[in-house]
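Undergrad: Residue numbers (the numbering used here), protein chains in the order written: chain S, 213 to 604; chain Z, 7 to 370.
Glycine residues also receive a C-beta, built at the ideal position from the N, C-alpha and C atoms.
From a predicted model like this one, the values you see are computed outputs, not experimental measurements.
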Amino acid sequence: MTLEDLRQRVEEFLATHDPATTERLEFLRARYDAGLAWVHFPEGHGGLGLPQAWQPEADGLFAAAGAPDNNPNSNVIGLGMAAPTILAFGTEEQKRRFLRPLWTGEEIWCQLFSEPGAGSDLAALGTRAERDGDEWVVNGQKVWTSSAHLARFAILVARTDPDVPKHRGMTYFLCDMTDPGVDVRPLRQITGEAEFNEVFLSDVRIPDTQRLGEVGQGWAVATATLNTERVAIGGRATPREGGMIGLVAQAWRDHPERRTPELHDRLLRLWVEAEVARLTGTRLRQKLAQGRPGPEGAAMKLTFARLNQQLSGLELELLGEEALRYSDWTMVRPERVDFTSRDAGYRYLRAKGNSIEGGTSEILRNIVAERVLGLPPEPRVDKDVPWKDQEK
Amino acid sequence: MSELNLLYTDVEDDLRSSVRDLLTDRCDPQAVIALCDGDRSMVAPLWKALATELGLAGLLVPEDRGGAGASAREAAVVLEELGRAMAPVPFLTSAVMATTALAATEGDLIAGLAAGERTAALAVPLSTTPYGAIPAVPATDGRLTGTVTSVAGALEADVLLVPAVTGDGLALHAVAATDAVRVPVVSLDMTRQLADVTLDGAAATLVVADAEPALRRALGVGAALLASEQLGVARWCLDETVGYLKQRRQFGRVVGGFQALKHRLADLSTGVDSANAAARHAAAVLAADDPDVELATAVAQAYCSDLAVTAAEEAVQLHGGIGMTWEHPAHLYLKRAKADQIAFGTAGAHRARLAGLVDLPVAP
Ligand SMILES: Cc1cc2nc3c(=O)[nH]c(=O)nc-3n(C[C@H](O)[C@H](O)[C@H](O)COP(=O)(O)OP(=O)(O)OC[C@H]3O[C@@H](n4cnc5c(N)ncnc54)[C@H](O)[C@@H]3O)c2cc1C
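1) Quick one: residues in its chain with C-beta nearer than 7 angstroms to the C-beta of S/P231, no 5 flanking neighbours on either side, listed in chain order?
2) Is the Cβ of Z/R90 closer than 9 angstroms to any Cβ of chain S?
3) Given this structure, state the Cα-to-Cα distance separating Z/P367 from Z/W53, to the nearest angstrom.
4) What residue does the alpha helix (DSSP H) around S/F225 start on, and which one ends it?
5) Go ahead and label S/Q220 buried or exposed: buried means 16 or more other beta carbons lie within 10 angstroms of its beta carbon, across all protein chains shown.
6) Between the C-alpha atoms of Z/Y137 and Z/V154, what's the straight-line distance to the nearest angstrom?
7) Is the region 38 to 50 of chain Z touching the region 187 to 197 of chain Z in the sense that three or more CB pairs, one from each, lie closer than 8 angstroms?
8) Using a 10 Å radius around the Cβ and a threshold of 16 neighbouring Cβ atoms, would you call Z/G44 buried or exposed?
9) Give the secondary structure of Z/G152 by DSSP, where H, G and I count as helix, E and B as strand, and everything else as coil.
10) Report the start-end ranges of each alpha helix (DSSP H) in the region 292 to 344 of chain Z that is 4 residues or longer and not cut off at the edges.
11) Does any CB atom of chain S fall closer than 9 angstroms to the CB of Z/H325?
12) Classify S/G446 as buried or exposed, calling it buried when 16 or more other Cβ atoms lie within 10 Å of its own Cβ.
13) Along the chain, which unbroken stretches of the beta strand (DSSP E) at least 3 residues long are found entirely within the region 256 to 328 of chain S?
14) So is the beta-carbon of S/N283 under 8 angstroms away from any non-hydrogen atom of ligand 1?
15) Would you decide whether S/T233 is buried or exposed? Buried here means 16 or more other CB atoms lie within 10 Å of its CB.
16) Would you say S/A330 touches ligand 1, meaning its beta carbon is less than 8 angstroms from a heavy atom?
17) Considering S/K354, what are the terminal residues of the beta strand (DSSP E) in which it resides?
18) Quick one: residues in its chain with C-beta nearer than 7 angstroms to the C-beta of Z/D185, no 5 flanking neighbours on either side, listed in chain order?
19) Taking only beta-carbon positions, decide if S/E574 is within less than 9 angstroms of chain Z.
20) Which of helix, strand or coil does DSSP assign to Z/L356?
21) In whole angstroms, what is the alpha-carbon distance linking Z/V168 and Z/V143?
22) Considering just the uninterrupted stretch of the beta strand (DSSP E) at Z/G243, what are its terminal residues?
23) Could you name the residues of the same chain whose beta carbon sits closer than 8 angstroms to that of Z/L176, not counting the 5 residues immediately before and after it, in chain order?
24) Classify S/L536 as buried or exposed, calling it buried when 16 or more other Cβ atoms lie within 10 Å of its own Cβ.
25) Nearest to S/M543 by CA position, among S/N520, S/E469, S/E223 and S/E407, is which residue?
26) Which chain Z residues are close to S/T515, counting only those with a beta carbon under 8 angstroms from its beta carbon?
27) Over the uninterrupted beta strand (DSSP E) stretch that includes Z/A126, give me the two end residues.
28) Over what stretch of residues does the alpha helix (DSSP H) that includes S/H476 continue unbroken?
29) Quick one: residues in its chain with C-beta nearer than 6 angstroms to the C-beta of Z/L85, no 5 flanking neighbours on either side, listed in chain order?
30) Taking 8 angstroms as the cut-off, is the CB of S/T572 close to at least one heavy atom of ligand 1?
31) With H, G and I counted as helix, E and B as strand and the rest as coil, what does DSSP make of Z/T184?
32) Is Z/D273 near ligand 1, judged by its Cβ being under 8 angstroms from some heavy atom?
33) Would you mind giving the Cβ-Cβ distance between S/L528 and S/G565, rounded to the nearest angstrom? I have them listed as a contact below 8 angstroms.
34) What does DSSP give as the partner residues of Z/G175 in its beta bridges?
35) Do S/G428 and S/T383 have their beta-carbon atoms positioned less than 9 angstroms apart in this structure?
36) Are any of the Cβ atoms in chain Z nearer than 9 angstroms to that of S/T492?
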């Protein structure tokens, strides 16, 4: 199928499904069934097995026709992390059950990875999953779980074998957040909001059919998720001056009275870096158009975090007195995560999380150094020690 | 809207390997270091091999004028390799900039350049930007008198393309190199040695009347593709440093295992990948004749010229004492990177241009 054929498919679809008269969810489901949701996914699972690089073409045509979208910002973890992992490691049955409502946004996903004692060292996690017939019984505590208060399902990594070294004893599950044993409590963050949560898991029962990958293979599956996460965070297609730089550039244009040569110099340096980061993202997407993401996304995420922080900091200086006022410290549990939403003060504070979430910038530098450049790994004192014998 | 391809095509990969193979055979790093002591004997044979055996002299010249009819994308790949190997050849000055300046001319000069029989250089200081005033000498009755300093490619050229002020404005004249006095300059970067060119009533042939657009275009293409040379320089610095730190041991460990160094190299690697995107984009935009070319050039220069310097500075530092020696090639890359940063305008000059292009003016 050529790009032209794809365009034609979209046109044909739009001819039979008028966005103006078709109900939103019905339209999205039909788009999924026609293979026009994520065109690089296989046929039968919302795609046509086409290059991922062609996706913007389809999205562009739908947007131009005024079609409803699946509100991707509301399901970042679902679309960016859960879906590619389910596609790569899921059974046919799992793909059929989970991918469609995930794509349409009917089911929001969250990520139950981090724990109080296991952050950068995710493989140290202690949440236990014990087998009980056709089910697993899960107990433990997760933390920093974004959107857990909105999520219907979660990707979850738990320890299934404490007697082997930490990387080998984990298993990956798809967890139903409506299970009575799941307790989600808001955690307020520096913005005033509670975007993330702590999640207590008490005798949560997960059917074995919701295990993703083999028992004990959890680390490999989780690594695949983290690689896609970094691409999802850092590698989105954006137009020139999209994202944070666009807001700062606009502030510059709107406030001639605040301009100084020093701010101008910093603005232009960051403008260049943002444009180059955009091109680097494009290049990365072209590279990844076939095949699963490797460690390359780590570099992109590093740049993205640094630029967001520098730009949002510059924006406050540019706004001067206005920046001394914050919009609202009221504790709310937001419906969606959008780094560029709200006011400049919020953006500055929220951007601080960009170098922590999805792997800290220090950990990402280790990954680039080891997996891209082939430099020696960090010393690992705990590598061959059974998890249960490790110092916690 | 279809997206420009920022990767390399198979044809481009093939071109890269033939250039790299030839340079591995015939561009010995020790001979390049000898250039700095004034031994330029390697230059002519190396350029002849690249120009005629691989046909690089006419890479950008259309086929009906004797060239290969390739695009800026291929020229960019060649420049990456020339930068990586520090090859002291006038590809950028003659095969890229002179042929671009002459693109619209009749006459057989361009065919001579394409065939590698002749080599030309634009007689402007290497630091001339595509945006500012273009230095020119006065022309009277077809004869030129004046001095142009710091000209790159002049020593290798047999014809100089001299911007001259005539009654009707700026015109480009061809002057035989033998009719000019070329004084070699002790240059910061001896792998692209400069010359001061003095004309004393030199006989000149008018090649482009009303030459300002052609000159700006040549300088612009030079700046856009210089980014690929800078990428090649930076990539060498990164690869060489990573390779060295993987085998150098101190404190009973490979020093590349110390996190402070791993993080510096990770940042450098991220920067080099970014430079790759910026340089590739500038070349792709040029090749596609996209209206974005001025912006893409300014972005690529503003980014790649500083990044190459950073890469070379890191290479020297992270090699320790050996990086400070004359014998190790790191200094060649540092000198080239620093000279390239100033060539066709500093990063700051390109950012200043961008401010106008993207509506971010400094003054209210
Ligand atoms: C806004 C936000 C949203 C999040 N959302 C989620 C979510 O939805 N689901 C989820 O599972 N998690 C989520 N997280 C958690 C996030 O993944 C972790 O915070 C992160 O992995 C770091 O772990 P930690 O907080 O335990 O810090 P630690 O690992 O304790 O790190 C402390 C410091 O030490 C540094 N450090 C640690 N190890 C090394 C090393 N080997 N070398 C050098 N430096 C090192 C770190 O970089 C950091 O600066 C979120 C975090 C934030 C901030």
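TA: Reading it off the structure:
1) Indexing the first sequence from 1 puts residue 231 of chain S at position 19. If we look at S/P231 and ignore the five residues flanking it on each side, its Cβ neighbours are F239, A277, G278, A279 and P280.
2) Residue numbering aside, residue 90 of chain Z sits at position 84 when the second sequence is read from its first letter. Among the CB atoms of chain S, none fall inside 9 angstroms of the CB of Z/R90.
3) Taking the first residue of the second sequence as 1, we reach residue 367 of chain Z at position 361. Taking the first residue of the second sequence as 1, we reach residue 53 of chain Z at position 47. If you take the alpha carbons of Z/P367 and Z/W53, they lie about 44 angstroms apart.
4) For the purposes of this step, residue 225 of chain S is identified with residue 13 of the first sequence, where counting begins at 1. Here the alpha helix (DSSP H) through S/F225 covers L215 to T228.
5) For the purposes of this step, residue 220 of chain S is identified with residue 8 of the first sequence, where counting begins at 1. Burial call: exposed.
6) Within the second sequence, the letter at position 131 stands for residue 137 of chain Z. Within the second sequence, the letter at position 148 stands for residue 154 of chain Z. Roughly 18 angstroms between the two C-alpha positions.
7) Cβ pair count under 8 angstroms is three or more, so yes.
8) As a position in the second sequence, residue 44 of chain Z is number 38, starting the count at 1. Burial is judged here by how many other beta carbons sit within 10 angstroms of a residue's own beta carbon; Z/G44 has fewer than 16 and is exposed.
9) In the second sequence, counting from the first residue as 1, residue 152 of chain Z sits at position 146. Of the three classes helix, strand and coil, the one that applies to Z/G152 here is strand, per DSSP.
10) Annotation: the region 292 to 344 of chain Z contains the following complete segments of the alpha helix (DSSP H) (minimum length 4 residues), in chain order: 299 to 325.
11) Numbered from 1 along the second sequence, position 319 holds the residue referred to as residue 325 of chain Z. Judged by the 9 angstroms Cβ criterion, Z/H325 is not in contact with chain S.
12) As a working note, residue 446 of chain S is residue 234 in the first sequence. At S/G446 the pLDDT is 48, less than 50, meaning the model places this residue with poor confidence; the figure from the coordinates comes in the next sentence. Flag for S/G446 reads buried.
13) Listed in chain order, the complete beta strand (DSSP E) runs (minimum 3 residues) inside the region 256 to 328 of chain S are 321 to 324.
14) For this step, residue 283 of chain S is matched to residue 71 along the first sequence. Not under cutoff, so the answer is no.
15) Start at 1 with the first residue of the first sequence, and residue 233 of chain S comes out as number 21. In this structure S/T233 is exposed. Its beta-carbon is surrounded by fewer than 16 other beta-carbon atoms within 10 angstroms.
16) Walking along the first sequence from the start, residue 330 of chain S turns up at place 118. Relative to ligand 1, the beta carbon of S/A330 is positioned inside 8 angstroms of a heavy atom.
17) For the purposes of this step, residue 354 of chain S is taken as the residue at position 142 of the first sequence. Note, S/K354: beta strand (DSSP E), E347 to K354.
18) To locate residue 185 of chain Z, count along the second sequence from 1; it is residue 179. A208 and A209, listed in sequence order.
19) As a first step, residue 574 of chain S is located in the first sequence; it is residue number 362 there, counting from the start. It does; some Cβ of chain Z falls within 9 angstroms.
20) On the second sequence, residue 356 of chain Z is found 350 positions in, with the first residue counted as 1. This sequence places His at residue 356 of chain Z; Leu is not what is there. Three-state result, Z/H356: helix.
21) Here residue 168 of chain Z refers to the residue found at position 162 of the second sequence. Here residue 143 of chain Z refers to the residue found at position 137 of the second sequence. Looking at the two C-alpha atoms, the distance is approximately 8 angstroms.
22) By one-based count along the second sequence, residue 243 of chain Z stands at place 237. Looking at the sequence itself, residue 243 of chain Z is Cys, so the reference to Gly does not match. Under the DSSP assignment, Z/C243 falls outside any beta strand (DSSP E), being part of the alpha helix (DSSP H) whose first and last residues are E218 to Q253.
23) One-based indexing of the second sequence puts residue 176 of chain Z at position 170. Listed in chain order, the non-local C-beta contacts of Z/L176 below 8 angstroms within the same chain comprise I140, A142, P169, A170, D216, A217, E218 and L221, local neighbours out to five positions each way being set aside.
24) Counted from its first residue, the first sequence places residue 536 of chain S at position 324. That one is exposed.
25) Position 331 of the first sequence, counted from the start, is the residue given in the question as residue 543 of chain S. Selection S/N520, S/E469, S/E223 and S/E407 evaluated against S/M543 yields S/E407 as nearest (Cα-Cα).
26) Within the first sequence, the letter at position 303 stands for residue 515 of chain S. Chain Z residues near S/T515: T276 and S280.
27) What you label residue 126 of chain Z is simply residue 120 of the second sequence in a count that begins at 1. Z/A126 -> beta strand (DSSP E) spans A126 to L128.
28) Here residue 476 of chain S refers to the residue found at position 264 when the first sequence is read from its first residue. It spans P473 to L500 - the alpha helix (DSSP H) in which S/H476 sits, taken as one unbroken run.
29) On the second sequence, position 79 is the one that residue 85 of chain Z refers to. Answer for Z/L85: L231, S234 and E235, listed in chain order.
30) For the purposes of this step, residue 572 of chain S is taken as residue 360 along the first sequence, with counting starting at 1. S/T572: yes, Cβ under 8 angstroms from ligand 1.
31) Your numbering for residue 184 of chain Z matches position 178 in the second sequence. In the structure shown, Z/T184 adopts helical secondary structure according to DSSP, grouped into three states.
32) Position 267 of the second sequence, counted from the start, is the residue given in the question as residue 273 of chain Z. Taking 8 angstroms as the cut-off, the C-beta of Z/D273 does not count as close to any heavy atom of ligand 1.
33) Your numbering for residue 528 of chain S matches position 316 in the first sequence. Your numbering for residue 565 of chain S matches position 353 in the first sequence. The Cβ separation is near 17 angstroms, so there is no contact.
34) For the purposes of this step, residue 175 of chain Z is taken as residue 169 along the second sequence, with counting starting at 1. Z/T172, per the DSSP bridge assignment.
35) Position 171 of the first sequence, counted from the start, is the residue given in the question as residue 383 of chain S. Position 216 of the first sequence, counted from the start, is the residue given in the question as residue 428 of chain S. It is a contact, given that the beta carbons lie within the stated cut-off.
36) Taking the first sequence and counting its residues from 1, one reaches residue 492 of chain S at position 280. Proximity of S/T492 to chain Z, defined by a Cβ-Cβ separation below 9 angstroms, is satisfied.
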